[in-house]
Structure formats: C-alpha cells, structure tokens
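First up is the structure itself, then whatever we jot down about it.
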Amino acid sequence: MGDFANRCQRLFNLDADIASDVVYLTHGHHNSHVIRILDGYLGNEPGLTSLYLIESHRPVLIDASTAVSAERVAMQIRETGIGPDDLAAIALTHIHADHAGGAGALAKAFPKATIYVHPKGARHLVDPTRLEASVRALYVDAYDELMGALTPIDAGRVQAVSDGERIDLGEGEFLEVLETPGHAKHHLTFIGSEGSAYTGDAVGIGIGDVSIQPATPPSDFDLDLALASIAKIREADPTQLMFAHFGRKLDVDETFDLAEASLVDWVEVVRAAKAQGLSVEEAVVQLDANAPRAAAPAASVMGTRTNVYGVWQYLDQSNEMGK
Numbered sequence: 585m586g587d588f589a590n591r592c593q594r595l596f597n598l599d600a601d602i603a604s605d606v607v608y609l610t611h612g613h614h615n616s617h618v619i620r621i622l623d624g625y626l627g628n629e630p631g632l633t634s635l636y637l638i639e640s641h642r643p644v645l646i647d648a649s650t651a652v653s654a655e656r657v658a659m660q661i662r663e664t665g666i667g668p669d670d671l672a673a674i675a676l677t678h679i680h681a682d683h684a685g686g687a688g689a690l691a692k693a694f695p696k697a698t699i700y701v702h703p704k705g706a707r708h709l710v711d712p713t714r715l716e717a718s719v720r721a722l723y724v725d726a727y728d729e730l731m732g733a734l735t736p737i738d739a740g741r742v743q744a745v746s747d748g749e750r751i752d753l754g755e756g757e758f759l760e761v762l763e764t765p766g767h768a769k770h771h772l773t774f775i776g777s778e779g780s781a782y783t784g785d786a787v788g789i790g791i792g793d794v795s796i797q798p799a800t801p802p803s804d805f806d807l808d809l810a811l812a813s814i815a816k817i818r819e820a821d822p823t824q825l826m827f828a829h830f831g832r833k834l835d836v837d838e839t840f841d842l843a844e845a846s847l848v849d850w851v852e853v854v855r856a857a858k859a860q861g862l863s864v865e866e867a868v869v870q871l872d873a874n875a876p877r878a879a880a881p882a883a884s885v886m887g888t889r890t891n892v893y894g895v896w897q898y899l900d901q902s903n904e905m906g907k
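Final position of the sequence shown in the working numbering is 907; the numbers increase by one with none missing.
Here it is as structure tokens:
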C-alpha cells in the first residue's frame, strides 16, 4: 500500500500548473476569448470542483456542480457580466450529481441556455427522480450536505450530443464532442477548437498537491473502457487538460501516462483487498486510511467509498464474464 499511496501522491500534482481564475487563449485568425475557472464548492468547500466558463461569442458553461452550489455558481457567472439571457449553453461531461446536479437550477437562472448532455443522460435531466434516488442510496446521510435536491429541466431545452458532433461557440469556434465511457457510460469529453480538453472525470481527479484515487464509481466503471477513453483523448492531441477536480494541467503527456498507470494500480489494490477475503465495507475502511486527503472530509471519505464500490462491482462483473 505504501508504494501505491506514494504514486497517488505524485499523480496530478497540480500546484505548479493550476492557472489563475482567468486564462486567455488566442485562436489564430479568430478573436481571442477567455476561459474562466469557476469554483463549484463541492461540500461547500473551495478548490474541489472546477467549472469552466468559456466567454466566447456564445458563452458556454462546462458542468454545473451540485444543486446546493447552484446559486454560488450563478453568482460567479453574473459577476463576469454575463446576464440571465446571455449564457448560450451548459455542456455536461456526465450526469453524476457533482457535475450535473446544479443544471436544473442554473437552467432556471439562465433561461436561454441549451443543456447539452450524452444521449443516455438526457432523460435523467428531464426527470431526475431515479438519478436522485440512486445517488441518495450511495451517499445516504451525506447526500443533502454534498448534493441537494435535483430540479427537472424542460425537455425542449435538453439536447443530446454524440461522438463527433460540435457545439457552436460562435465566430468559427466550437467544442467537439467525444464519447469517453469508463468512468460512466454517459461521459463526454469536450475538445475546444483552440485545443483545450474538458475531461470531466475521464482522466482522473487531481486536487492541489493531494490526489484522491482515480474516479471509479459504481455502477458503470469499466477499466478497459476507461483506458480506451484516455487513449482517445490523447489522440485528439489537446494542448491542455481542464479537470473537473480541479483546474488545468499543462504537462499533457505525463498526465495521460500517470492516469493510465494509476487506474491499473488502483484496480489491483482493490483486487488484492478482495482476495484477502475482506468485505467491501472492510476494504473501504482499510483503503480510506491510506488515501490522500482532500479538503472536505465528507468528500474524501465518500470518494474512497464510491471508488472502492465501483471497482468491486467491476471485478464481480468481470469474473462473471470470464475476463
């Protein structure tokens, strides 16, 4: 465990590479625009979840954080001078509650915004009942503190997007959609026409100089798909990686290498705990004791719990399929 903990600690050390809250990017013959890093305040703590406000001709918000953080996110958007009718779109990397939980409330605050999402996630934005119930079952008493009640979105404002489609940013700029399953079957990565990759949780989680385990939640985690998605994003040749947890990475190739190695290591660590005959809850306790700490205790503990459960389920399913 010591070696794995050390590798985790080295993974996604973002201190040197996190940008300030504003990043200016030049687009050749197109106009420059600003990408602003907003804080999603997961668990009411700063520095855990980053959203990206692309201040292009058609302003777009990447991800929406949680329902409990929606008003703080809306306030950050308004402070940039973008008014209620100015935000053109909210593009969701996936529908997990820490990424899409605030989408309904933000859709009300910005009534002209189209909500872009994977086809498998669209119906859960229109009717979030099942989504909220499943997340409540996992987070139990921590749910209300971390996530909050989900608000439905009118079906006419939800647009499903698939691999290879583009979201128009205006003036020749766009986000290209990549389907990147592995973390979740409804996961998308957005590649900006200037080279930024908005990776959601597909490449992992890095917060300051502390790294939590790779993002391996139930019920969709699949190691092979996750590794293939990292390779797919790498093939897009991005110039920088915009993490959902937290900030940007400029050392792109090294980050991809470490992400792949960390995923494999984490699955093997959980596999070893399972082979010892531990129950899944015993494994959570043991592995959480070795996990680097994030800023919010509830987020740290639940991160370990969800990551262990996801790999545990993946290993059970792999055994059933004879992998």
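Even glycine gets a Cβ: it sits at the ideal position worked out from N, Cα and C.
Do residue i and residue j have their C-beta atoms closer together than 8 Å?
| i | j | result |
| --- | --- | --- |
| residue 813 | residue 735 | no |
| residue 731 | residue 650 | yes |
| residue 689 | residue 726 | no |
| residue 662 | residue 639 | no |
| residue 643 | residue 622 | no |
| residue 664 | residue 829 | no |
| residue 785 | residue 770 | no |
| residue 779 | residue 827 | no |
| residue 839 | residue 892 | no |
| residue 719 | residue 742 | no |
| residue 722 | residue 890 | yes |
| residue 800 | residue 895 | yes |
| residue 687 | residue 648 | yes |
| residue 637 | residue 645 | yes |
| residue 758 | residue 898 | no |
| residue 772 | residue 702 | yes |
| residue 675 | residue 737 | no |
| residue 641 | residue 755 | yes |
Over what stretch of residues does the beta strand (DSSP E) that includes residue i continue unbroken?
| i | result |
| --- | --- |
| residue 723 | No beta strand (DSSP E) holds residue 723; the alpha helix (DSSP H) holding it covers 713-723. |
| residue 652 | It is not in any beta strand (DSSP E) - residue 652 carries neither H nor E in the DSSP assignment. |
| residue 675 | 673-675 |
| residue 645 | 644-646 |
| residue 637 | 634-639 |
| residue 664 | Run containing residue 664: none; DSSP gives neither H nor E here. |
| residue 549 | No answer is possible for residue 549: it lies beyond the span of the chain, which begins at 585 and ends at 907. |
Which one of the options has the shortest CA to CA distance from residue i?
| i | options | result |
| --- | --- | --- |
| residue 825 | 774, 804, 704 and 629 | 774 |
| residue 570 | 844, 745, 900 and 657 | Given a span of 585 to 907 for the chain in the structure shown, any question on residue 570 remains unanswerable. |
| residue 679 | 744, 864 and 666 | 744 |
| residue 733 | 739, 740, 746 and 714 | 714 |
| residue 822 | 641, 783, 807 and 805 | 783 |
| residue 667 | 646, 694 and 900 | 694 |
| residue 706 | 805, 641, 746 and 669 | 746 |
| residue 635 | 802, 781 and 856 | 781 |
| residue 803 | 683, 872 and 900 | 900 |
| residue 843 | 660, 807 and 681 | 807 |
| residue 712 | 762, 761 and 685 | 685 |
| residue 929 | 708, 728 and 760 | Any question about residue 929 goes unanswered here, given that the chain covers just 585 to 907. |
| residue 845 | 776, 760 and 811 | 811 |
| residue 624 | 777, 760 and 831 | 831 |
| residue 798 | 776, 853 and 777 | 853 |
| residue 903 | 859, 729 and 776 | 859 |
| residue 681 | 729, 669, 660 and 659 | 729 |
Give a single yes or no on whether residue i has its beta carbon closer than 7 Å to a heavy atom of the ligand MN.
| i | result |
| --- | --- |
| residue 800 | As far as ligands go, the structure on display features none, and thus does not contain the ligand MN. |
In the DSSP assignment, find the unbroken alpha helix (DSSP H) run with residue i in it and report its ends.
| i | result |
| --- | --- |
| residue 865 | 864-872 |
| residue 705 | Segment: none, residue 705 is in no alpha helix (DSSP H) and carries neither H nor E. |
| residue 683 | 681-684 |
| residue 690 | 687-693 |
Within the 8 Å Cβ cut-off, does residue i reach chain C?
| i | result |
| --- | --- |
| residue 810 | No chain C is present in this structure, which holds just one protein chain. |
Return the chain-ordered ranges of every alpha helix (DSSP H) run that is complete within the stretch 790-839 and spans a minimum of 4 residues.
807-819
Inter-stretch contact (C-beta, 8 Å, three-pair minimum) for the stretch 683-700 and the stretch 738-757
yes
What are the complete beta strand (DSSP E) segments, minimum 3 residues, inside the stretch 724-789?
742-744, 750-754, 757-763, 772-776 and 780-784
Flag this pair as touching only if the stretch 848-859 and the stretch 821-840 have three or more C-beta atom pairs under 8 Å; answer yes or no.
no
Validate contact between the stretch 855-869 and the stretch 817-828 using beta carbons, cut 8 Å, 3 pairs:
no
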